[in-house]
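Listed below in structure tokens is the structure:
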């Protein structure tokens, strides 16, 4: 069964450093998303991406965040200068016309 | 704007007992509704979804949910709890598919007692 994959599973970084979280969506999906879940809290929408551009973003998705689909398979989330409060689980998702499929997540720890 | 309210951050049931996790939503358009389960340190797994059609939706692991438009509810049930059902459950709403974001509730942690 096709699935969304994410790498790395756990990333530890120093405050102020740049991180790139990687996702491989399901191959025939056209819509891609990033969500985050701060420990103990609910899952929050960050951004959606379609046809090589952002279709919607939340208030959380400020200038320090960016997304890219650098090739035909990967979908990345970049955080330019990480803050302590960026520590969270980041989920990538991709969608056909029925439902979103979520990846297993990347746990980002900012020290 | 859409929103989801899950009543009860923690629910505890005995093994074999009925599981009822409550979810109410707010949406200005006909909603698409979902229940996801999250086991510790794992990702989100779709339990079931309602898009259109039959209002009683059956999902995996014996769970089902009923869409009640008049009550704006989408409660999750399972007739008999199993120890392996212990997890966090998230109700979610979307305006549709194909590009519409999903709004999640705060989650309900289900505990199952032996």
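Protein chains in written order, with this note's numbering: chain A, 173 to 283; chain B, 236 to 349.
In this text, a Cβ means the ideal position worked out from N, Cα and C, and glycines have one as well.
Short check: CB of residue i to CB of residue j, under 8 Å?
i              : j              : result
residue 283(B) : residue 292(B) : yes
residue 215(A) : residue 339(B) : yes
residue 337(B) : residue 260(B) : no
residue 275(A) : residue 265(A) : yes
residue 195(A) : residue 176(A) : yes
State yes or no: is the beta carbon of residue i nearer than 8 Å to at least one beta carbon in chain B?
i              : result
residue 238(A) : no
residue 228(A) : yes
residue 274(A) : yes
residue 263(A) : yes
Using CA atoms only, rank isn't needed, just tell me which of the options is closest to residue i.
i              : options                        : result
residue 178(A) : 281(A), 199(A), 200(A), 262(A) : 262(A)
residue 188(A) : 269(A), 253(A), 277(A)         : 253(A)
residue 213(A) : 236(B), 346(B), 285(B), 324(B) : 324(B)
residue 201(A) : 273(A), 235(A), 278(A)         : 273(A)
Let's test the definition: count the other Cβ atoms within 10 Å of the Cβ of residue i and tell me whether it reaches 16, buried, or not, exposed.
i              : result
residue 245(B) : exposed
residue 193(A) : buried
residue 342(B) : buried
residue 305(B) : exposed
residue 314(B) : exposed
residue 181(A) : exposed
Would you say residue i reaches chain A, if we count a Cβ-Cβ gap shorter than 8 Å as a contact?
i              : result
residue 237(B) : no
residue 300(B) : no
residue 338(B) : yes
residue 293(B) : no
residue 268(B) : no
Find the residues of chain A that neighbour residue i, judging by a C-beta separation of less than 9 Å, and give them in chain order.
i              : result
residue 321(B) : The contacting residues do not exist; residue 321(B) stays about 17 Å from chain A at best.
residue 325(B) : 214, 215
residue 303(B) : Simply none; closest approach about 21 Å.
Residues of chain B with CB under 9 Å from residue i, in chain order?
i              : result
residue 217(A) : 336, 337, 338, 339
At 7 Å on the CB atoms, spell out the chain B contacts of residue i, in chain order.
i              : result
residue 184(A) : Those within 7 Å of residue 184(A) in chain B number zero; the least Cβ separation is about 16 Å.
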